[in-house]
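Asker:
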Amino acid sequence: MKPVLVLGVGSAAPSLRLSASEVGTAWGGGGGRAAVAVCDADEDTLTLAWRAAVGALGAAGVDAGAVGGLWWGTTRPPFAEGPSHAFLAAALGCGPGTEGALTSGSPHAGMEALAAAWDAVAAGHVETALVVASDAVVPGLGTAAESSTGAGAAALVLRAPADAGNGTAGAARLSGRVTRSLPVLDRYRPDAGAATEDVYDGRLFREEVYLPLLAEAAQAVAAGGPAVTAWAASDPDGRLAGALARRLGAPLASAPVQAALGDTGAASPLLGLIEALAGGDTAGANGTGARLVGAVGYGGGRASAVTVEVSRPVPGARPVADLGPGRAAGYVEVLRARGQLEPLAEPIPMGVPPGGAAFVRGNVEMLALLGARCGACGTISTPPSIHPTCTGCGGSQLEVVPLARTGRVQTFVVNQTMPPPFQAPLPLVVVDLDDGARLMVQGSPVDAAELAVGDEVALSLYRYALERGVPVYGYKALRTGRTGDAGGGRSAEEVAR
Amino acid sequence: MSWNKVAVVGAGLIKFGELFEQSYEQMAAGAFGAVLGAVDKGIDRTAIDAVIVATQRGSLWGQEGIGGNTVPTAIGLAGVPCTRVENACPSGSDAFRIGAMVVASGVHDVVLVIGVEKMRDKSTQEGLLARAAAGHPLYNRGETAPVLFAPFATRHMHEFGTTPEMLASVAVKNHHNGCLDPYAHFQNEITVEQVLSSPAVCSPLRLLDCCPQTDGAAAVVLTTAERAHEFTDKPVYVAGFGVATDHPYLHEKSTYVGLPATTLAADRAFAMAGVGAPDMDMAEVHDCFTITEILDIEDLGFVEKGKGGPASLEGETALDGRIPVNPSGGLLAKGHPIGATGIAQLTECWWQLREEAEGRQVAVRNGFALQHNVGGRGSGVSVVNILTRNP
Chain A
44 MKPVLVLGVG SAAPSLRLSA SEVGTAWGGG GGRAAVAVCD ADEDTLTLAW RAAVGALGAA
104 GVDAGAVGGL WWGTTRPPFA EGPSHAFLAA ALGCGPGTEG ALTSGSPHAG MEALAAAWDA
164 VAAGHVETAL VVASDAVVPG LGTAAESSTG AGAAALVLRA PADAGNGTAG AARLSGRVTR
224 SLPVLDRYRP DAGAATEDVY DGRLFREEVY LPLLAEAAQA VAAGGPAVTA WAASDPDGRL
284 AGALARRLGA PLASAPVQAA LGDTGAASPL LGLIEALAGG DTAGANGTGA RLVGAVGYGG
344 GRASAVTVEV SRPVPGARPV ADLGPGRAAG YVEVLRARGQ LEPLAEPIPM GVPPGGAAFV
404 RGNVEMLALL GARCGACGTI STPPSIHPTC TGCGGSQLEV VPLARTGRVQ TFVVNQTMPP
464 PFQAPLPLVV VDLDDGARLM VQGSPVDAAE LAVGDEVALS LYRYALERGV PVYGYKALRT
524 GRTGDAGGGR SAEEVAR
Chain B
468 MSWNKVAVVG AGLIKFGELF EQSYEQMAAG AFGAVLGAVD KGIDRTAIDA VIVATQRGSL
528 WGQEGIGGNT VPTAIGLAGV PCTRVENACP SGSDAFRIGA MVVASGVHDV VLVIGVEKMR
588 DKSTQEGLLA RAAAGHPLYN RGETAPVLFA PFATRHMHEF GTTPEMLASV AVKNHHNGCL
648 DPYAHFQNEI TVEQVLSSPA VCSPLRLLDC CPQTDGAAAV VLTTAERAHE FTDKPVYVAG
708 FGVATDHPYL HEKSTYVGLP ATTLAADRAF AMAGVGAPDM DMAEVHDCFT ITEILDIEDL
768 GFVEKGKGGP ASLEGETALD GRIPVNPSGG LLAKGHPIGA TGIAQLTECW WQLREEAEGR
828 QVAVRNGFAL QHNVGGRGSG VSVVNILTRN P
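Protein sequence lines correspond, in order, to chains A and B. If you count by this note's numbering, then the first sequence holds residues 44 to 540, one letter each, in order. If you count by this note's numbering, then the second sequence holds residues 468 to 858, one letter each, in order.
#1: Is there a C-beta anywhere in chain B that falls below 9 Å from the one on Ser127/A?
#2: Across the region 116 to 130 of chain A and the region 60 to 69 of chain A, are there enough close Cβ pairs to call them in contact, namely three or more that are closer than 8 Å?
#3: Buried or exposed for Tyr505/A, please, with buried defined as at least 16 other CB atoms from any protein chain shown within 10 angstroms of its CB.
#4: Does the Cβ of Gly509/B lie closer than 8 Å to at least one heavy atom of the ligand ATP?
#5: Pull out every residue of the region 607 to 637 of chain B whose Cβ sits closer than 7 Å to any Cβ of chain A, in chain order.
#6: Under 7 Å Cβ-Cβ, which residues of chain B neighbour Tyr507/A?
#7: Applying a beta-carbon distance threshold of less than 7 Å, which residues of chain A neighbour Val668/B?
#8: Against Arg481/A, what residues of chain B qualify as contacts under a CB-to-CB distance less than 8 Å, listed in chain order?
#9: Taking all protein chains shown into account, decide if His168/A is buried (16 or more other Cβ within 10 angstroms of its Cβ) or exposed.
#10: Determine, for Glu593/B, whether the minimum Cβ-Cβ distance to residues of chain A falls below 9 Å.
#11: Spatial neighbours of Ile317/A within its chain, please: C-beta separation below 7 Å, excluding the five flanking residues on both sides.
#12: Quick check: the Cα distance between Asp748/B and Val851/B, rounded to an integer number of angstroms?
#13: Which partner residues of Cys82/A appear in the DSSP bridge assignment?
#14: Name the chain A residues that come within less than 9 Å of His714/B, Cβ to Cβ?
#15: Take His430/A as the anchor and find which of Arg404/A, Ala129/A, Thr118/A, Val452/A has the nearest alpha-carbon.
#16: Let me know the secondary structure DSSP gives Gly210/A once reduced to three states.
#17: Going by other Cβ atoms of all chains shown within 10 Å of its Cβ, with 16 needed for buried, is Glu719/B buried or exposed?
#18: Please work out which residues of its chain come closer than 8 Å, Cβ to Cβ, to Asn471/B, disregarding the five sequence neighbours upstream and downstream, and give them in chain order.
#19: Whose Cβ in chain B lies nearer than 7 Å to the Cβ of Phe564/A?
#20: When you check each C-beta in the region 412 to 429 of chain A against every C-beta of chain B, which residues fall closer than 9 Å?
#21: Could you please give the first and the last residue of the uninterrupted alpha helix (DSSP H) stretch that includes Asn641/B?
#22: Nearest by alpha-carbon distance to Arg416/A: which of Ala56/A, Lys45/A, Ala338/A, Asp478/A is it?
#23: I'd like the ranges of any alpha helix (DSSP H) spanning at least 4 consecutive residues and lying wholly in the region 805 to 853 of chain B.
#24: Taking the runs of the alpha helix (DSSP H) that are 4 residues or longer, which of them lie wholly in the region 51 to 129 of chain A?
#25: Does chain A have any CB closer than 9 Å to the CB of Tyr491/B?
#26: I want to see whether chain B comes within less than 9 Å of Leu135/A, judged by CB atoms only; does it?
#27: Since Asp813/B contacts Val831/B with CB under 8 Å, what's their CB separation in whole angstroms?
#28: Throw me the rounded Cβ distance for the Phe698/B and Asp507/B pair, which I believe falls under 8 Å.
#29: If you run the structure through DSSP and keep just helix, strand and coil, what is Tyr341/A?
#30: Take Ala158/A and list the residues in its own chain whose beta-carbon comes closer than 7 Å to its own, dropping the five residues that flank it on each side.
#31: Distance cutoff 9 Å, beta carbons only. Does Leu672/B sit that close to anything in chain E?
#32: Does the beta carbon of Leu469/A come closer than 9 Å to any beta carbon on chain B?
#33: Roughly how far, in whole angstroms, is the beta-carbon of Asp178/A from the beta-carbon of Ala310/A, given that I think they are within contact range, below 8 Å?
#34: For Val377/A, go through chain B and note every residue whose CB falls closer than 9 Å to its CB, in chain order.
#35: Bridge partners for Pro458/A per DSSP, in chain order?
#36: Taking DSSP's pairing of strands, which residues face Asp682/B in a bridge?
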């Protein structure tokens, strides 16, 4: 196994939290204080992946244009069959020649994405790889999984070790990998099924599948080497990983992720890995040498274990607590956000069919947030496809450029009256971007009550709507602070993650 | 100018409202009957040489194939030349301008300009709100009609201290005027408190800051000044007109406290007429939302930029104010059947200049009236027409 470097990592969590007591109230029975993370109506695995990936690239100091391949693992790609990978690559600003793959089919998809990226880097096919694992599994209504199924995303930037003398050591490196598989049916979703079916028998799964398979992979990857100092592991019900760690005889580093977000599916082992990388006992403080962190991912009868040698703090590695507490949501709100509760009202079909020519012309510039800069006067007109001439001077020497992601509110409204699929209150914000361009984009309902002219905002990718069954993505301006009000709002960094 | 001078010798409309019982064609016939009846000395329908029809939407909204042939056949003028004009919210006022140019050119002597619009054959959800899914396939998602104007209210409040009460005073005045106009959709008085407690539609705009969805039709007959006295001893003349365009998207506007297309159109109309804003005895302006009227009276030069709110609150635009604005009730109370709107405004100007507006008659001192529309995506087009009773 050729090792590869981890240049930086990123993580993201969705905005809603569903407590077990909310579920208990809905269905009767138990409750408790535990909560899981849930995507709001404007979030999905693509927007989570985008946020984690933007964070990882920033932490690694790698420009999206330098990414040779994007490997994305999720059980819930926005299109079960369709342009999911191309949409994410475009939104990240990766070039049209970006290699890589979308891995799916089970929560093992995150580890499969990592393995494929690792192999491509090790083989020299790509110099820099971006690995993203994101998930937002939809559990069956009234099942035990409702109180354990969460959502989140993790991203890693990988690069081959530099030639001797080059000096780039990397903060950490992937050193070992083992996969084991077993043809068993546990959690699954049939073709065209909306909800993931729960395991048949929890005890059976624990004793005959999870513990033996994951322990075997983990012990194999660690065999013959230095002791693993901490483990991260997939944990479908919140109690399995602890038992695994006891069997392996090392601390479980991923427990806080599980406690904060629930089972994040394909993202789970990598979010756990990041939690381990962010651990306070990272070597270097006492100069005793590298730590060895292990991560084990499971899904669909397959378990993969990897080891990571950590020599110093990994850029972007933050504990899950840094992702914030989220917003407590009621059960009905969660059902609506997940699309499990829909109004009978017929949504207004979008003006242009999603496969139409206007989409072919207009999709990339919206996903990648592009403008057209005038060579004569410098004005940036947005979006480029509807501006063949400069809005400032009428010139036609235009260069397509990426737009700034931060700016200030020029003016705004809060729309309270819209047909489905739009949901009120919806701020619509005219933003003066820091590069001089101006955009009108949606805002966040969270900001509706407090938004003011002059507020600082940052742009982040969200799902605007599901229209004709198709996700439509765009940027939203999120309030980061108020002019002259140092305490107000979120930081641009908080919005970005 | 060297063109033939153009006169308005008849103007009329049908009662605006939710006219579920009338078809597009029946509304057109009603307006045609009204304008024929308004010609003092009578007019035979065969005197009409050409028809300009203004319709912004199709007769059944969504069937945009309605063309120039629909109206003449419906009103008994089959065979007469007819062209449909669509220019967003100013469609009616632009049809009037084009009709005037047709007469001025000498090609046709007697031209019927008729605006007809069916707004309520579709529900609100399917109608104006469907804008939320229009435009660039991905751009400005969630943009409904009030979104085109509410950002200006936000900014106007920020820069000039304009208040919700000032906005509300526009709606209160126009509803009052509508009570005096038998053709108005709404015939009820409202209070500032009612406006401020009406449901939020698109903050800072509330329900009573918004015009209703209204069906309606209106028509005028234009002819040359030379032939005007065949039809009436009290003709009203076209003194000037102007059209201007601006960027269509909200993020491209050069200002969020005014609509530059309005100012540009007004400058052109005033220059053509050789008059200025202080010469106007009254104005019918585009008040699709309360903020729009405040922007209009500033952009047209009736009040200083930033003073539109206080001027409205203090009654400067009331029937007995310094410059009466929207004596008909405006779009807010009379209604906004898009293709008919501008022609109905011109009908009000025609009545006011002939001093036939009864309970809502304003004082006519200089003999000039101004009519204005602004609209389209991002208020990207404006038309101003100026009428005069001075020979």
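Positions of the beta carbon are idealized from the N, C-alpha and C atoms, including for glycine. Here the structure is a predicted model, which means the values were calculated and not measured.
Answerer: The answer reads as follows:
#1: Residue contact with chain B for Ser127/A: absent (no Cβ-Cβ distance below 9 Å to any residue of chain B).
#2: Touching, no, given that fewer than three Cβ pairs across the two stretches are closer than 8 Å.
#3: By the C-beta density criterion, Tyr505/A is buried, having at least 16 other C-beta atoms within 10 angstroms.
#4: The ligand ATP is not part of this structure, which contains no ligands at all.
#5: Only Asn607, Arg608, Gly609, Glu610, Thr611, Val614, Ala617, Pro618, Thr621, Arg622, His625 from the region 607 to 637 of chain B bring a Cβ to less than 7 Å from some Cβ of chain A.
#6: What Tyr507/A touches in chain B: Arg608.
#7: Neighbours of Val668/B on chain A, chain order: Gln459, Thr460.
#8: Near Arg481/A (Cβ distances below 8 Å), the residues of chain B are His718, Glu719.
#9: Flag for His168/A reads exposed.
#10: Taking Cβ atoms only, chain A reaches closer than 9 Å to Glu593/B, which makes this a yes.
#11: Same-chain partners within the cutoff: Val52, Ser54, Ala197, Ala360.
#12: Spanning the two alpha carbons is a distance of roughly 15 Å.
#13: Bridge partners of Cys82/A: none, in fact.
#14: Taking the beta carbon of His714/B as reference, the chain A residues within 9 Å of it are Thr434, listed in sequence order.
#15: For the residues Arg404/A, Ala129/A, Thr118/A, Val452/A, the minimum Cα distance to His430/A belongs to Arg404/A.
#16: Any reading at Gly210/A needs caution, since the residue's pLDDT is 44, under 50, leaving its predicted position unreliable; the model's value is listed next. Residue state, collapsed to three classes: coil.
#17: Buried, by the Cβ-count rule.
#18: Here the set comprises Val570, Ala571, Ser572, Gly573, Thr691, Ala692, Glu693.
#19: The requested residue 564/A does not occur in the structure, where chain A is confined to residues 44 to 540.
#20: Residues Ser424, Thr425, Pro426, Ser428, Ile429.
#21: Note, Asn641/B: alpha helix (DSSP H), 631 to 646.
#22: Closest by alpha carbon: Asp478/A.
#23: Counting whole runs of 4 or more residues, the region 805 to 853 of chain B contains the alpha helix (DSSP H) stretches 805 to 820.
#24: Scanning the region 51 to 129 of chain A from its first residue to its last, the whole alpha helix (DSSP H) runs of 4-plus residues come out as 63 to 70, 88 to 103.
#25: No - not a single Cβ of chain A is within 9 Å of the one on Tyr491/B.
#26: Chain B contact via Cβ: absent.
#27: One detail in the question is off: residue 813/B reads as Leu in this sequence, not Asp. Not really, about 16 Å apart at Cβ, beyond 8 Å.
#28: At roughly 7 Å, the Cβ-Cβ gap stays under 8 Å, so Phe698/B and Asp507/B are in contact.
#29: Residue state, collapsed to three classes: strand.
#30: Taking C-beta separations shorter than 7 Å and ignoring five residues to either side along the sequence, the partners of Ala158/A in its chain run Arg220, Ser347, following chain order.
#31: The structure shown has no chain E; the protein chains it does contain are A and B.
#32: With 9 Å as the cut-off, Leu469/A counts as an interface residue toward chain B.
#33: Contact check for Asp178/A and Ala310/A: beta-carbon distance about 5 Å, within the 8 Å limit, so the pair qualifies.
#34: Close to Val377/A, with beta-carbon spacing below 9 Å, lies no residue of chain B; the smallest spacing is near 22 Å.
#35: The sequence given here places Asn at residue 458/A; Pro does not occur at that position. Per DSSP, the beta-bridge partners of Asn458/A are Leu469/A, Cys669/B.
#36: Partner residues in the beta bridge of Asp682/B, as assigned by DSSP, are Gly484/B.
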